[in-house]
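Heads up: the structure comes next, in C-alpha cells.
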Amino acid sequence: MSKIANTVKPFARPLAVVGGVLLIVAALLPWVTFSLNSGNYPDRATLQYFDAPFGVTGFRWHILLLGVLVLIATFAPIPNKGRVIRSLGWGGLAVALINSVFIVAEGGGLGAITAADGSSAFGGVVGVVAGIAVILAGTGLGIEPPTKWKLTLSTPLAYLVLLVTFAAVLVAVSATLTAGGQGGPANPYAGGLFLSFLGFAAGLLTALNGVGLVGWISELSEKHRIFSVVVLLACALLLPFTGAGSEYWMTVAANIGIYAATAIGLNIVVGLAGLLDLGYVAFMGIGAVVAANLSGAAASKIGLDLPFPVAAVIAAIIAGIFGAIVGSPTLRVRGDYLAIVTLAFGEIFTRSAQNNIGGLTNGANAIPGVPPLDLFGKEFNQSLSIGSVQLPAGVLYYVLIVLLVAGVMAIFANLKFSRIGRAWIAIREDEDAARAMGIKTGKAKILAFLVGATLAGLAGAVFAHKNGTVSYESFKFLESVTLLAAVILGGMGSIPGAVLGASLLFVLPEKLREFSDYRLMIFGLALVLIMRFRPQGLVPDRHRRAELADEDVGGVPVDEVHEHDTKGAKA
Amino acid sequence: MRKHSVKSAAIVVGVLLVAGACGTNKTESGASGGACDTSKGTLIVGVIAPQSGGLSALGLGIKNSAQLAVDEANEKCTVKGYKLAVDTQDDEANPAKGAQAATKLSSDPNVVGVVGTLNSSVAQTVQPILSQKKIVQVSPANTNPTLTRGEAFATAPKRAFDTYFRVCATDELQGPFAANYLVGKAGKKKIAIITDGKTYGEGLAAEFAKQATAKGAQIVAQEKVGEKDTDFAGVIAKIAGSTPDALYYGGEYPQAAPLSKQMKSSGLNIPLMGGDGIYDDKYISLGGGDGDLATSVGAPTDKLDSAKAFVDAYAKKGYKDAYGAYGAFSYDAANSIIGGLATALNGGDWAESKREDLLKAVGAYSGSGATGSIKFDEFGDSTNKVLTVYQVTGGKWNSAETGEFTG
Amino acid sequence: MSTLLQQLANGVVQGALIALIALGYTMVYGIIQLINFAHGEVFMVGAYGGLATYTWLVPEAVKDVWYVSLPLVLLGGVAISVVVALLMERFAYRPLRNAPRLAPLITALGVSVFLQEFVRNFYPNATAALPFPGAFVQGQLSLGPIKISWTGVLLIFVSIILSLLLQTYINRSRMGRAMRATAQDPDTAKLMGVNPDRVIVLTFVLGAALAGVAGVLFGTYYTNINTDMGFQTGIFAFTAAVLGGVGSIRGAVVGAFIIGLVKTLAGQYMPGGTSYDYVWIFVVLILVLVFRPQGLFGEPERVRA
C-alpha cells in the first residue's frame, strides 16, 4: 500500500485532476458501438447521444457528477482529501466497470465498448481508466480515518439538519428501489443499471463518511434520539407516497418487514446472548401455523375464527413456549453443540409440518385461504385512497408491518439496555465469568430464546395473513440461514443492522431477478466475503465493534482494522 | 491488500483487452426480425416457476417451453400487431416469493397472462393476486384439486378463482386411472404405497388408494420417504415384510428411479407404478427397471403429431435444460393464453380492460397441444381426460393402454 | 426376524457411508474447532469428480473393466475433493483463523451453499439427478435372509479399512502425532516445532480424500447422484460425529453406525414409520447432547475462550 502511495504522491493532485476530467469526458462519450440485440443500452449510451450531446441522464449523469465532485474535492479546502477522492474514484470505477461488463456481455465481445464496424465508443474504457486514476490519486494524497467534527448545534438547528437528512434518506431509499426501473422483457438492462446505481451511491456515501458528515449526523441523531426515531418512523410511513409506492414494492417491503422483525428476534438470541440458532425460522412457522388455524381458513382443523390481534398474541405465546423448550438444552449444551440442537429442532419442525402432525399443518397441501387482515372495516389487501391520493394495494400491510417492526425495535432497544440485556451480553462475552458475577445464566439464556421466539411467532402470524398460505416450504433450513445472514450482514446486536440486513437480502434478489439462476450461488459467496472482509457487519454495534477490533482480529489496532474494512467493503 | 486489489484489477483489465478480439454479436436485422407487424408493441406472457434451487430442473423446462410457444407465435404472427415476450420470475418454490413474483407481473399492464406455477402451495398465494387484476393464469403442473374446485372439491365443487386454469390432470383423475389399470388389468391385489411427502405425490397416492380399495385391492403398507433421501433400503425392507405384489409411488422420478432399482436389487421384484412425475426418460436412465408403470395425461406422444412437433421443436432450439415433466404442459398452457389473446384482440388494441375478454377467450379456448386436446371445463380444469398407461419394456417407455377416465 | 436382520444390514451399509464423511467432520473439528458445514459438499463434489472422470477420462475400452475403471474413478473423485477442500481452507477458512468463532461457521454455511449451486449451474445437466455408472460390481451377497449388494459390501469394507488406517496413521506417524498435539494445545504444539498450517492442511486433505471416496462409492451404490446429496448426508454425518464425540475417530465411526441403524430401525418400528425416521435421528442427537454433551467417546469439553 505504502509503496504505491509513495510512487503516486508527488503528482497525486494533477492525477486527481486528470482523473476527474476523464470521468467527465467519459460521461460525454458514447459507450456502445451499436444497437444491442435486446434493444439500445439505456441513457443514450449508444451513438445516438449525438442527438442531444448535453442530455446526459442515468449512469452517465452519475459519472459526470462524480467527475465534477472529484475536481471540487481536489481544489476545495476539505478535510481528509485523500479518502474522499479515493471513495469517489471507487464509485466512478464501479459505475464504469459494471456498465461496461454488461454491455460486453450483451454485445458479445469487447467490440461493443471499443470499436466495431467503423463506429467507436470509448466511454466505458475511459471511465475505467479515470476511476483507477482517481483511486490512485486519492491514495497518493494520503488516507486518514474519517474526520470527526466538533461542531455542535442548537436543538432547533439540529432538528432541522436531522429532518433534511432523513428526508434525503427517504429519497435515496426510494431512488434505490426504483433504480434501473422494473426489469423484464421491456427493460432488459435493469439489473446492470441497478448495480451501477449502487456503485455510485456507495461511492458517494463513503466519500461523505470520509469527510466526517456521516459520523457527525449519527452522533447528532444519537443525541436527539427520540426526535430521530419519530422522524425516521414518519419517513418509513411516507415511503408509499414516493416513486417506490407501487403495489409491487409495497408487497416486497412488507415481506422485508416481516423478515426484519424476525431477524430482530434472532438478534436477541444470537447478537445479544451469543447463542447461535440455526433453526430459528421454525418459530416463525409455529406462529404462522397457529395464526392460520385460528383464522377461520377453510383448511384449518380448529373451527375457530378469532380476531387477528387475539390470534396473533396466542401465536406469539405458543411460539414463545416452544422457544423456551428448545432453549432448555442450553442449560447443559454450549457453543457449536447448541447450534446443532437448534438445527435439529428446525428439521424436526419442517418434517413434522410436512407430515401434518396432529392434523394442524395440513401437510403437503399447506393451509390455503387464510383471509386477509380486516381491521376497522378495511380489508388490508385493498388499495386505499387518502383524500385525492390513490395508494396502491398492500399499503395497509406495509403500514402495519412498519409499526410492527418499530414496536419490535423498541422492545429490543429496551431489553438491550436493561438488566437482562446486560446479563445476555455478559453471557455472550464469558459465560463462566457471568455466572461468577451472580447472573443466573440458565434463566437468562432460556429467556433469550423465549423472547426471540415470541417475536418470531408474532411475525409469523402476520406472515400467515399477508401471504394467505402457510406451507412448511416457507420455513426450511435455508430460510434460517438467510435470517442469520441478515443479522450478521447488518451487524450482530445492532438494532438498525438487522433491518438493513434483511432489506438487502430481500431487495437485491428482487432487483437482480434476471440472475435468479445464480441467486443462491451469489448468496453463498457473499456470506464468505462478508465474513472475510467485514465480519462485524455493515452497521456494527458500538460495543461489539470495540470487542471485535480489540481482541479478535489478532491484535491489530483499531484504526487499521477500520482501514482494512472499508477497503473490503468496496473491493 | 491494496497492492493486491489494484494489481489484480489491472491484470483483469489487461487480460480482457488482449483477449477480447473486439468481437461483437451484432446482427444486422436486430432481434425483432421476422415479417410480422409488431408496430403496436410488446405484450408479455409471464412465467412463475422455480429457477433456482432443487426444483430448478422442472422450472427451467417450464420456462423454456413457454418461450418456445411464444417464439412460434411470433414467427407465425399469431397476435396481430404485437410482439410477444416471456417474463420469467423465480418463485424459489416458496409461496411468499411466489406472491412477490405475481405482484411484480401484475403491476405490468402489458402482462396478458401467466404460465405457472409448479408447486400447488405457491399457486395458493399467486391465485388471489393475479385474480385481483383479472390476469389469466394457466398452470402446467398444479395437481391439487382444491385450486379449481375449492376446499370441498369432491362434495360441493365451487370454482375458487375464475382467472385460474390448468392443463394438467388433477390427482382425482390420474390416481384412480392408475388404480383401475393396476388392480383391474394387471390383477394386483396387494399394493404397497410410498409417497415423498410433497403435494403432488401425497394427493396422487391418496386418490389412487381410494380407487384401488374400491376395486377390491388391499393396501398392505403405506410409507413415506424424504424428498432428499437416497437410501431406500430401510423402507423397502419394511414393505417387503407385507409381501406386496405392486408398489405405487406418489412422487417424482429422481426418487422413484433409485427406489425401483434398489427394490429390485434387494430381491423384491414387483413393478413400481407412478404418475406423470415419473414418466420421463430420465426415470429409466436413473435406474427405473422393466415392468415399471406410469400414467400420463393425453395420448402417447408417438401417436400425436402435435406432441412430436413439440419435442422436435424443443430439440431444435438447443436449450440447455430438458423440457422435463411439465414442458409439454407449459407449452400448451402458453399456447392457450396466446390463442385466447388472438381471439380476444381479434386485431384490435390491447388494454388492461381487455383482460376480461381474454379470460373468456381462454375459457373457451380449444386446440390441439403437445399433451392432446386442450379445453377447459367450468372450473378451469382441463377437459382432456385421456390418459395413457406406459410401461418400461426393453429400456423404453411404451404405451400399454390409452383411455378416458370414466370412474 | 428376517426383516429385523435385513434392516440391521441396511443400517450398517448406511452407517459405513456416513462414517467416511463423519471422519472428516470430526478431524477438522478436533484441530480447529470448526463445524465444517461444507464438508458434505466436498463429498458431493467427489461424486461429481468421479463421474466426470468416468465420462471424459476413462478410455471407452476399459469402462466396463471394473478393476481398471473403479480405481481411476476413485482417484478422480478424491483428487477433486482434495482440491476443493484445499481451496476452501486456503481462501475461506485460513483468513479467519483468529476470528470470533461464529465467523468461520457462517463462512462454512456460505461455502456449502456456493458449492452446491456452483455444481448445479456449471456441471452439464446437473440441475437434475445424473446417472452414475453402477456396473463396477454387480449382483448381491446373500447371507441367509439378508441380502446386501456387492457395492454395499464394498462400501462397508472400504469404510472400515480406511478408518482403521486413519486411526493407525494418527496414532503412529509423525504427522499424526503433530495432529494430535495441535488438537490438544495448538500453542504448545507450535512451540514444539509443529507447523500448524501444515497440520491443518493435512487434516483437510485427509478428510476430503475420505469424503471423495465416499462420494464415488455413494454413486456406485445408488447409481445416481444429485447436487443435494451432500446436505442431508452431511447433516447425518455431522450428527454422527457429534454423537460419537467430536474429535474422536472411533466415536465418529461408532456414531455413524448408530445413525444408520437408528434411521432404518426407527422407520421400521417406531410410530409414524418412515415419515418420522429423520426426526428420530435428531431426537437421539438432542438427548445425547443434553445428557452427555461431550458425546459417547469425547472428552469433557475443554474450557475455551
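Residue numbers (our numbering), protein chains in the order written: chain Y, 27 to 597; chain U, 40 to 446; chain Z, 3 to 307.
C-beta atoms are modelled at their ideal positions from N, C-alpha and C, and glycine is treated no differently.
From residue i to residue j, what distance separates their C-alpha atoms?
i: G326 (chain U); j: S165 (chain Z); result: 31 Å
i: A361 (chain U); j: P133 (chain Z); result: 15 Å
i: G141 (chain Z); j: L212 (chain Z); result: 25 Å
i: P333 (chain Y); j: T495 (chain Y); result: 18 Å
i: G313 (chain Y); j: A342 (chain Y); result: 6 Å
i: A105 (chain Z); j: K393 (chain U); result: 55 Å
i: T467 (chain Y); j: I294 (chain Y); result: 15 Å
i: G420 (chain Y); j: Q408 (chain Y); result: 7 Å
i: V197 (chain Y); j: S412 (chain U); result: 53 Å
i: G153 (chain Y); j: P418 (chain Y); result: 40 Å
i: L74 (chain Z); j: V34 (chain Y); result: 54 Å
i: L169 (chain U); j: G274 (chain Z); result: 39 Å
i: L574 (chain Y); j: A138 (chain Y); result: Residue confidence is low: L574 (chain Y) scores 46 on pLDDT, short of 50, so the model does not pin down where it sits. Its coordinate-derived value is still stated next. Their Cα atoms are separated by approximately 46 Å.
i: L426 (chain U); j: E111 (chain U); result: 27 Å
i: A260 (chain Y); j: V488 (chain Y); result: 21 Å
DSSP three-state label for residue i, please.
i: I472 (chain Y); result: helix
i: V248 (chain Z); result: coil
i: V264 (chain U); result: coil
i: M3 (chain Z); result: coil
i: N123 (chain Z); result: helix
i: G300 (chain Y); result: coil
i: A142 (chain U); result: The amino acid at residue 142 (chain U) is misidentified as Ala; the sequence shows Thr. T142 (chain U): helix per DSSP, three-state reduction.
i: K65 (chain Z); result: coil
i: T202 (chain U); result: coil
i: N226 (chain Z); result: strand
i: Q257 (chain U); result: strand
Count the other C-beta atoms from every protein chain shown that fall within 10 angstroms of the C-beta of residue i, then say buried if there are 16 or more, exposed otherwise.
i: W58 (chain Z); result: exposed
i: S175 (chain Z); result: exposed
i: K327 (chain Y); result: exposed
i: S272 (chain Y); result: buried
i: D235 (chain U); result: buried
i: P148 (chain U); result: exposed
i: L17 (chain Y); result: The displayed coordinates of chain Y run from 27 to 597. Any statement about residue 17 (chain Y) would go beyond what the structure contains.
i: G408 (chain U); result: buried
i: R109 (chain Y); result: buried
i: G434 (chain U); result: exposed
So residue i and residue j are supposed to be a Cβ contact under 8 Å. How far apart are they, rounded?
i: A308 (chain Y); j: F541 (chain Y); result: Incorrect: roughly 29 Å between the Cβ atoms, too far for contact.
i: I33 (chain Z); j: V256 (chain Z); result: Contact doesn't hold; Cβ gap of about 20 Å is too wide.
i: V222 (chain U); j: K254 (chain U); result: 4 Å
i: Q430 (chain U); j: N437 (chain U); result: 6 Å
i: I233 (chain U); j: L286 (chain U); result: 6 Å
i: P425 (chain Y); j: L263 (chain Y); result: The sequence shown places Val at residue 425 (chain Y), rather than the Pro named in the question. That belief holds up - the Cβ atoms of V425 (chain Y) and L263 (chain Y) are roughly 6 Å apart, short of 8 Å.
>> Assess contact between the region 12-19 of chain Z and the region 149-169 of chain Z, defined as three or more Cβ pairs (one per stretch) separated by less than 8 Å. Is contact present?
In response: yes
> Should the region 175-185 of chain Y be regarded as contacting the region 115-128 of chain Y, the criterion being three or more beta carbon pairs within less than 8 Å?
Replying inline: no
>> Pairs of beta-carbons, one from the region 151-166 of chain U and one from the region 275-291 of chain Y, closer than 8 Å: are there three or more?
In response: no
>> Does the structure place the region 368-382 of chain Y close enough to the region 476-491 of chain Y that three or more beta carbon pairs sit under 8 Å?
In response: Judged by Cβ distances under 8 Å, the region 476-491 of chain Y makes no contact with the region 368-382 of chain Y, as fewer than three pairs qualify.
>> Check whether the region 96-116 of chain U and the region 353-365 of chain Y are in contact - that is, three or more C-beta pairs closer than 8 Å.
In response: no
> Is the region 121-132 of chain Y close to the region 93-110 of chain Y, with three or more CB pairs under 8 Å?
Replying inline: no
>> Measuring CB atoms only, is the region 213-221 of chain Z touching the region 31-49 of chain Z, in the sense that at least three cross pairs come out at less than 8 Å?
In response: yes
> Counting Cβ pairs, one atom from each stretch, are 3 or more of them under 8 Å apart for the region 197-217 of chain Y and the region 516-528 of chain Y?
Replying inline: no
> How about the region 142-160 of chain Y and the region 41-53 of chain Y: do they share at least three Cβ pairs that are nearer than 8 Å?
Replying inline: Short answer: they touch.
> Do the region 266-277 of chain U and the region 261-281 of chain Z meet, that is, are 3 or more Cβ pairs less than 8 Å apart?
Replying inline: yes
>> With three or more C-beta pairs closer than 8 Å as the rule, is the region 99-119 of chain Z touching the region 237-256 of chain Z?
In response: no
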